[in-house]
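Chemist: Quick note on the numbering used here: the sequence shown kicks off at 1451 and runs consecutively.
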Amino acid sequence: MSDAKKKNLDFLMISGRIKSREVRLVSTQTVDKLIDAPDMSEVLKILSEHGYDVSGLVGDEKNLSALLCERDRAETASVVTQAGQGLFDSFLYPNDYHNLKVALKNELLSDPREIFMTGGSIPVEVVREAVKNREFKPLTDLMGRGVEEALEAYNRTGNSQMIDIVLDRYCFKDMAKVAEKVGNDFLTGYVRTLVDVANVKALLRLRKMGKSPEFAAQVFFEGGNATPERFTAAYSATDDELPSLLGGAAGLMQKALAEISSGSGMSGFELFCDNYLMDYIKNAKYIPYGAEVPMAYLLAKETEYKVVSMVLAGRQTGLSANSIKERLRALYV
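1) Answer yes or no: do Val1726 and Val1641 have a C-beta to C-beta separation smaller than 8 Å?
2) Restricting to runs no shorter than 4 residues, where is the alpha helix (DSSP H) found entirely within the segment 1648-1702?
3) Return helix, strand or coil for Glu1472, following the three-state DSSP convention.
4) Tell me whether Pro1744 sits in a helix, a strand or coil according to DSSP, three-state version.
5) Drop a sphere of 10 angstroms on the beta-carbon of Ala1454, count the other beta-carbons inside from all chains shown, and report buried for 16 or more, exposed for fewer.
6) DSSP state of Thr1590, grouped into three classes?
7) Please confirm whether Leu1748 and Val1530 have their CB atoms less than 8 Å apart.
8) Exposed or buried, Ala1527, counting other C-beta atoms within 10 Å across all chains shown (16 or more means buried)?
9) Reducing DSSP to helix, strand and coil, say where Thr1767 ends up.
10) Where in the segment 1542-1627 do unbroken runs of the alpha helix (DSSP H), each at least 4 residues long, occur, reported from the N-terminal end onward?
11) What do you reckon, are the CB atoms on Met1593 and Leu1550 nearer than 8 Å?
12) For Ala1652, which option in Leu1637, Phe1670, Val1632, Lys1735 has the closest C-alpha, if you only look at C-alpha atoms?
13) Looking at the structure shown, is Asn1772 part of a helix, part of a strand, or coil, going by DSSP?
14) Should Gly1715 go down as buried or exposed, given a rule of 16 or more other Cβ atoms within 10 Å for buried?
15) Looking at the structure shown, is Ser1452 part of a helix, part of a strand, or coil, going by DSSP?
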C-alpha cells in the first residue's frame, strides 16, 4: 500500500463523520429560504435545522449573527481537531491571529473592542493573557515573534495598520509551515492560493488608494505562487502588463482585472476573490476519505458563516432580497 493511501486511511473515521455533517451545510436553496422567510423566528428555525444552536435567541439581537456563528464555529473546530493531532491547526490560525490583533490593539489604542473569535487553535483567554503578559509559550513560535514585530512596527510608526500587516504576514508563514510539515498537496495548494489572492487584493487596492511602491512592498506576503518581489516589481506596471509579470499568479491577476473592468467594481472584485478560493476548495468535494475532507469542511463552514452573517445583516437593515443576493459568496454545496 502506498504511503499516500495509508495516510488517507488514517482519516477514514473522521472523513465519515464529516461526510455525515456535510448534508447539513447551508446551500444556495437554504439561503433563498432564509432571505424569503416571513419573520426571524422562521429564520432561526431554518438555521437550527442546519445545526445552528439557536437556544435563547429570539431573532432581534443586534449581534445575532455573531452569536450564531461563534457558537457553531467553536463546535465545528472541536469536532474536526479531535482527530487531527494538530494537522488542521493551519486552518484555525486565521482566527488565532485575528485574536492576537484584537488583544494587541486593545492594549495600545484608546477604543478597545471585544471582537474576539472562537474557533481558533488556542482559546481566546489564553491568547489575551499571552499578549498581556508577553508570555508566548502557549502560542506558536511564529505567533510570539509576530506580536513582538507588530509591537515594534507600531511603536516605530504610530500606525495601527502595521499591526495587521505584520500579523497577517506571520499568519501566512505559520500556515505554510504546517502545510510543509503535513506534506498534503491540497493543504499546500490552498495556502499558496490564499497568499496569491491576498497579494492580488493588496496590489489592486493599494494602487487604487494611490499608495507608494515603497509602502506596497511592506504588504506583499511570501508563500504564494509568485514571490513578493514579483508583486513589488509589477506594482507600477499598466493593467495590460501586470499578468505577464506575476509568474504563477498571472492567471488570477488576469481574471481579477477582467472582473473589475466588467463594471462590478471593487465590491465585485472582493466577491470574485472569495469565489476563486471556493472553487479551489470544491476540488475536495468528491474525495471519499482523506485529510482533504475535514480540511475542506472547515473552509466551507467559514464561507457559510460569511453568507449567513450577510443574510442576517441584510434582513435587519431592511435590504431587498435582490440586494442581499448580489453580495453573497458561492457556497460549498
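Glycine residues also receive a C-beta, built at the ideal position from the N, C-alpha and C atoms.
Note that the structure is predicted; figures quoted are calculated from it, not measured.
Modeler: Let me spell this out:
1) Looking at the sequence itself, residue 1726 is Tyr, so the reference to Val does not match. Against a cut-off of 8 Å, the Cβ pair of Val1641 and Tyr1726 comes out as no contact.
2) 1663-1666, 1678-1684
3) helix
4) helix
5) For Ala1454, the pLDDT reaches just 48, beneath the cut-off of 50, and the residue's location in the model is therefore unreliable, leaving the point undetermined.
6) coil
7) yes
8) buried
9) coil
10) 1574-1583, 1591-1607
11) yes
12) Phe1670
13) helix
14) exposed
15) Its pLDDT being 43, under 50, Ser1452 is placed unreliably by the model, and nothing is read from it.
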